[in-house]
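Asks:
Chains as they are written, first to last, in our numbering: chain A, 1 to 122; chain B, 1001 to 1122.
1. With DSSP as the reference, please indicate the residues paired to residue 43(A) in a beta bridge.
2. Do you know how far the Cα of residue 1092(B) is from the Cα of residue 1037(B)?
3. List the DSSP bridge partners of residue 88(A).
4. Is the shortest distance between the beta-carbon of residue 54(A) and the beta-carbons of chain C less than 8 Å?
5. Looking only at its own chain, which residues have a Cβ that is under 8 Å from the Cβ of residue 64(A), when we skip the five neighbours before and after it?
6. Determine the direct distance from the alpha carbon of residue 49(A) to that of residue 57(A), and round the result to whole angstroms.
7. How long is the line joining the alpha carbons of residue 119(A) and residue 66(A), rounded to whole angstroms?
8. For residue 1082(B) and residue 1052(B), what's the separation of their Cα atoms in angstroms?
9. Just to check my reading of the structure: residue 43(A) and residue 89(A) have Cβ atoms closer than 8 Å, yes? What is that Cβ distance to the nearest angstrom?
10. Under 8 Å, Cβ to Cβ, is there at least one residue of chain B near residue 74(A)?
11. Give a yes or no on whether the minimum CB-CB distance between residue 1081(B) and chain A is below 8 Å.
12. By DSSP's criteria, residue 76(A) is part of a beta bridge. Which residues make up the other side?
13. Is residue 46(A) close to chain B, meaning its C-beta is less than 8 Å from at least one C-beta of that chain?
14. Residues in the segment 58 to 70 of chain A with C-beta within 8 Å of chain B's C-beta atoms, listed in sequence order?
15. Mind checking who residue 50(A) pairs with in its DSSP beta bridge?
16. Given that residue 96(A) touches chain B, what residues does it touch there, using C-beta distances under 7 Å?
17. Compute the distance between the beta-carbons of residue 73(A) and residue 19(A), then report whether it is under 8 Å.
18. Please classify residue 6(A) as buried or exposed, where buried requires at least 16 other C-beta atoms within 10 Å of its C-beta.
19. Rank 1103(B), 1080(B) and 1046(B) by C-alpha distance to the C-alpha of residue 1069(B) and give the top, closest one.
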């Protein structure tokens, strides 16, 4: 299990200093399947997951929704037939926060979990 | 109720002739809140809906998922805190099909419906 999945999100404040490049590189190394993309000058963590049909993709979207509500940190989730693209970033810091790396690691875990087991994250 | 919501999707074939501009304009007039966008040369019908929180947005995503499975025609759904962007298009015709206008009208209906009432679409 990725060590990040054991952490909880911490409330962040507007104007909080953004992560250093060293810290980003350190946490990113824990998430080899994620990429950092720039959307309008705001860095996001992004990953696409593949599924066999629409129902499985939507079920995963709901598992991510459960995580998001549990941590009160919410991503963008693009659901299509056979795939889900997830993007994590932090509005308040206009980019990446340590919370986003924690949530990305938990998202990787959630894809392998049964919906009924998701309460472990509550 | 929009007349389009009373229609069912019909199976379409690869290579089927795309809709004429007249037919698109006629059906688009039934969907004033939707816009036609071009994504990589493929026309899509797109609309963003606003909600008060993430849970309501995700609940709507699931209602759209119910519609999509009922008609076996699937959109792209972008779910975020307080908003859902829905895009309908038809892969087989590389653009818009009459089915997409039918699904957009049903999506407009679904936003007002209780989840338990969605079986009306089955």
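Ideal Cβ placement from N, Cα and C applies to all residues, glycine included.
Replies: Let me lay it out:
1. Position 43 of the first chain holds residue 43(A). Beta-bridge pairing links residue 43(A) to 38(A).
2. Counting from 1 along the second chain, the entry for residue 1037(B) is found at position 37. Counting from 1 along the second chain, the entry for residue 1092(B) is found at position 92. Between residue 1037(B) and residue 1092(B), the C-alpha separation is close to 18 Å.
3. Numbered from its first residue, the first chain carries residue 88(A) at position 88. Looking at the DSSP assignment, residue 88(A) forms a beta bridge with 45(A).
4. Protein chains A and B are contained in the structure displayed, whereas chain C is not.
5. Here residue 64(A) is taken as the residue at index 64 of the first chain, counted from 1. If you ignore the 5 residues before and after residue 64(A), its C-beta comes within less than 8 Å of the C-beta of 75, 77, 84, 86, 107 and 110, all in its own chain and listed in chain order.
6. For the purposes of this step, residue 57(A) is taken as residue 57 along the first chain, with counting starting at 1. For the purposes of this step, residue 49(A) is taken as residue 49 along the first chain, with counting starting at 1. Near 8 Å, if we compare the C-alpha coordinates of residue 49(A) and residue 57(A).
7. Taking the first chain and counting its residues from 1, the one referred to as residue 119(A) is at position 119. Taking the first chain and counting its residues from 1, the one referred to as residue 66(A) is at position 66. The alpha-carbon atoms of residue 119(A) and residue 66(A) are separated by roughly 8 Å.
8. Start at 1 with the first residue of the second chain, and residue 1082(B) comes out as number 82. Start at 1 with the first residue of the second chain, and residue 1052(B) comes out as number 52. About 5 Å.
9. Within the first chain, numbered from 1, the residue matching residue 43(A) stands at position 43. Within the first chain, numbered from 1, the residue matching residue 89(A) stands at position 89. Confirmed, about 7 Å.
10. Counting from one through the first chain, the residue named residue 74(A) turns up at place 74. With 8 Å as the cut-off, residue 74(A) counts as an interface residue toward chain B.
11. For the purposes of this step, residue 1081(B) is taken as residue 81 along the second chain, with counting starting at 1. The beta-carbon of residue 1081(B) is placed less than 8 Å from the nearest beta-carbon of chain A.
12. As a first step, residue 76(A) is located in the first chain; it is residue number 76 there, counting from the start. The partner list for residue 76(A) (beta bridge, DSSP) reads 87(A).
13. Position 46 of the first chain holds residue 46(A). So, not an interface residue.
14. 58, 61, 62, 65, 68 and 69
15. Here residue 50(A) corresponds to residue number 50 of the first chain, with the count starting at 1. Beta-bridge pairing links residue 50(A) to 83(A).
16. In the first chain, counting from the first residue as 1, residue 96(A) sits at position 96. Residues of chain B passing the Cβ test: none, with the nearest at roughly 17 Å.
17. Counting from one through the first chain, the residue named residue 73(A) turns up at place 73. Counting from one through the first chain, the residue named residue 19(A) turns up at place 19. No, the Cβ-Cβ distance between residue 73(A) and residue 19(A) is not below 8 Å.
18. The residue labelled residue 6(A) in the question sits at position 6 within the first chain. Counting Cβ neighbours within 10 Å, residue 6(A) comes out exposed, since fewer than 16 surround it.
19. Translated into positions along the second chain, residue 1069(B) becomes position 69. Among 1103(B), 1080(B) and 1046(B), the Cα nearest to that of residue 1069(B) is on 1103(B).
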